[in-house]
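K.L.:
Quick note on numbering: the sequence shown equals residues 1 to 366 in UniProt numbering. Before I ask anything, here is the structure I am working with.
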Amino acid sequence: EKADIPGYKPKTAGHPVQLKRALEAIGEARRPIICCGGGVVLAGAREEMTAFAEKSGIPIVSTMMGIGVMPMGSPVYLGMIGRYGRSYANRAIGEADLIILCGARVGDRAIALPNQIAEQARTIHIDIDPAEIGKNMRADIPIVGDVKQVLAALAEKVQPVGCQDWVERVLRYKREFVPRGQDREDFVEPRSFIRKLSAMMEEDAILTADPGQGQIWAAINFTQREGRFLTSGGLGTMGYALPAALGAKLAKPRRQVLAVCGDGAFQMSLCELATVVASHAPLKIVVFDNRRLGMVREYQNSHYARRHIATHMDGNPDFVALCQAYGIPAALAKNNREAERLAQEMLQSPRPYVLVCRVDPETPSV
1 EKADIPGYKP KTAGHPVQLK RALEAIGEAR RPIICCGGGV VLAGAREEMT
51 AFAEKSGIPI VSTMMGIGVM PMGSPVYLGM IGRYGRSYAN RAIGEADLII
101 LCGARVGDRA IALPNQIAEQ ARTIHIDIDP AEIGKNMRAD IPIVGDVKQV
151 LAALAEKVQP VGCQDWVERV LRYKREFVPR GQDREDFVEP RSFIRKLSAM
201 MEEDAILTAD PGQGQIWAAI NFTQREGRFL TSGGLGTMGY ALPAALGAKL
251 AKPRRQVLAV CGDGAFQMSL CELATVVASH APLKIVVFDN RRLGMVREYQ
301 NSHYARRHIA THMDGNPDFV ALCQAYGIPA ALAKNNREAE RLAQEMLQSP
351 RPYVLVCRVD PETPSV
């Protein structure tokens with residue numbers, strides 16, 4: 001007996017009628033904004049996104065998985081949105097009258113109230129997967145297609161949008177923002193340390209991050225330039241950063257690769273230190289040791305009246321001794337001054353290196 005199983009035939013170019021509608025909506029907008037998701041990164045559409053944004057003059061925000069689609073120093077890039085994003089990026093998307101979603105699934109950590117946002121702004125949603133379009137947020141103009149091809153088509157025909165006042169307003173929000181986290185003498189302040197570590201690293205460095213507070217500290221404080229930010233968004237796979245960094249280093253041996261791990265996540269894959277040694281991969285690893293499952297503990301603080309269950313990790317091992325047992329150089333930083341000095345030592349070392357940072361358990365994610 002024969003079975004008829006239809007194959008999947010992806011639409012890559014974008015329907016011309018929908019492209020025309022999108023261009024008309026862009027021309028009518030006064031407060032447009034582009035929201036880049038991980039689909040833009042996966043499609044390799046960085047050049048097309050840059051061309052579209054610069055020609056149209058529309059500012060850009062990104063989800064966590066969209067980090068790296070543009071250098072963070074770009075004059076049109078505002079930053080990461082969402083529950084753990086930058087307040088000025090959230091403010092910009094909340095005030096927009098047109099949102100162009102590119103390869104973004106609109107998860108609840110990115111846009112918590114999509115229906116409310118959709119009531120005040122028109123939306124263009126571009127995605128290769130038609131099931132994603134309109135799933136979490138209404139799409140006024142859906143475009144099914146490869147975001148790389150669709151952006152190239154839009155960039156070819158788009159005209160500069162007359163929204164200079166809007167651009168100046170949202171850039172002022174960004175300029176006026178004062179980042180949290182100042183250097184400390186009793187603990188390592190991770191947000192401040194990540195900002196300074198970022199400045200020490202090469203422009204094309206690859207950063208991997210474990211889910212948890214370390215992921216947020218890295219995502220919003222590391223200045224991504226020409227490199228990549230790799231993390232397990234949407235899955236929350238603790239233990240991701242170390243093996244991901246190893247894979248990145250083996251694939252790109254000439255580039256700096258840094259893994260940012262929390263103490264909980266690090267212990268879920270630290271056996272891979274043996275693989276690091278066997279592979280002769282000079283990985284750099286930062287472990288933030290606050291003896292807590294910090295993000296879960298934050299939820300317990302905010303939603304369960306500070307009733308802490310299974311989030312205290314007072315039985316942590318001596319990470320420095322543990323790494324040294326694998327034959328990997330390691331050091332402990334107890335404050336920001338020590339962390340900066342040891343970070344220089346770590347980055348200059350030709351061998352793998354683990355820098356353990358003692359962090360105050362009360363340090364928030366943002």
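Glycine included, each C-beta is placed from N, C-alpha and C at the ideal position.
Go through its chain and collect everything with a Cβ distance to Thr12's Cβ below 8 Å, but skip five positions before and after it.
P.N.:
Ile128, Gly145, Asp146, Gln149
K.L.:
Is there contact here, the region 197-211 with the region 54-61, by at least three beta-carbon pairs under 8 Å?
P.N.:
No, the region 197-211 is not in contact with the region 54-61.
K.L.:
Taking the Cβ atom as the reference point for each residue, do Leu273 and Ile328 lie within a distance shorter than 8 Å?
P.N.:
yes
K.L.:
Kindly indicate the opening and closing residues of the beta strand (DSSP E) around Thr311.
P.N.:
Run containing Thr311: none; DSSP gives neither H nor E here.
K.L.:
If you compare alpha carbons, which of Tyr77, Arg122, Ala110, Gly37 is closest to Arg21?
P.N.:
For the residues Tyr77, Arg122, Ala110, Gly37, the minimum Cα distance to Arg21 belongs to Arg122.
K.L.:
On the DSSP bridge assignment, give the partners of Ile206 in chain order.
P.N.:
Arg228, Val257
K.L.:
When you compare only the Cα positions, how much space is there between Arg175 and Trp166?
P.N.:
14 Å
K.L.:
How is the alpha helix (DSSP H) around Arg172 delimited, first residue to last?
P.N.:
164-176
K.L.:
Between Asp263 and Met313, which are expected to be in contact by the criterion C-beta below 8 Å, what is the C-beta distance as a whole number of angstroms?
P.N.:
6 Å
K.L.:
So is Pro352 buried or exposed if we call it buried at 16+ other beta carbons inside 10 Å?
P.N.:
By the neighbour-count rule (16 or more Cβ atoms within 10 Å), Pro352 is buried.
K.L.:
Only counting the same chain, and skipping five residues up and downstream in sequence, which positions put a Cβ closer than 6 Å to that of Leu230?
P.N.:
Taken in chain order, the residues that qualify are Thr208, Ala244.
K.L.:
Are the beta-carbon atoms belonging to Val61 and Ile33 less than 8 Å from one another?
P.N.:
Yes; because the gap between Cβ atoms is below 8 Å, this pair is in contact.
K.L.:
Can you list, in chain order, the residues of its chain with a C-beta nearer than 7 Å to that of Gly134? Leave out the 5 residues immediately preceding and following it.
P.N.:
His125, Pro142
K.L.:
With burial defined as no fewer than 16 other Cβ atoms inside 10 Å of the residue's Cβ, what is the status of Tyr84: buried or exposed?
P.N.:
buried
K.L.:
Could you check whether Asn336 and Asp183 sit closer than 8 Å to each other, using their CB atoms as the reference points?
P.N.:
yes
K.L.:
Going by DSSP in three states, Gly41 sits in which element: helix, strand or coil?
P.N.:
Checking the sequence, you will find Val at residue 41 rather than Gly. In this structure, Val41 counts as helix in the three-state DSSP scheme.
K.L.:
Kindly indicate the opening and closing residues of the beta strand (DSSP E) around Pro142.
P.N.:
141-144
K.L.:
Taking just the CA atoms, how far does Ile81 sit from Gly44?
P.N.:
21 Å
K.L.:
Please name the residue, chosen from Asp108, Asn290, Ala218, that lies closest to Phe319 on a Cα-to-Cα basis.
P.N.:
Asn290
K.L.:
On the premise that Gln116 lies in contact with Glu202, defined as a C-beta separation below 8 Å, what is that separation, rounded to the nearest angstrom?
P.N.:
About 42 Å; that fails the 8 Å criterion.
K.L.:
Which class does Tyr84 belong to by DSSP, given the choice of helix, strand or coil?
P.N.:
coil
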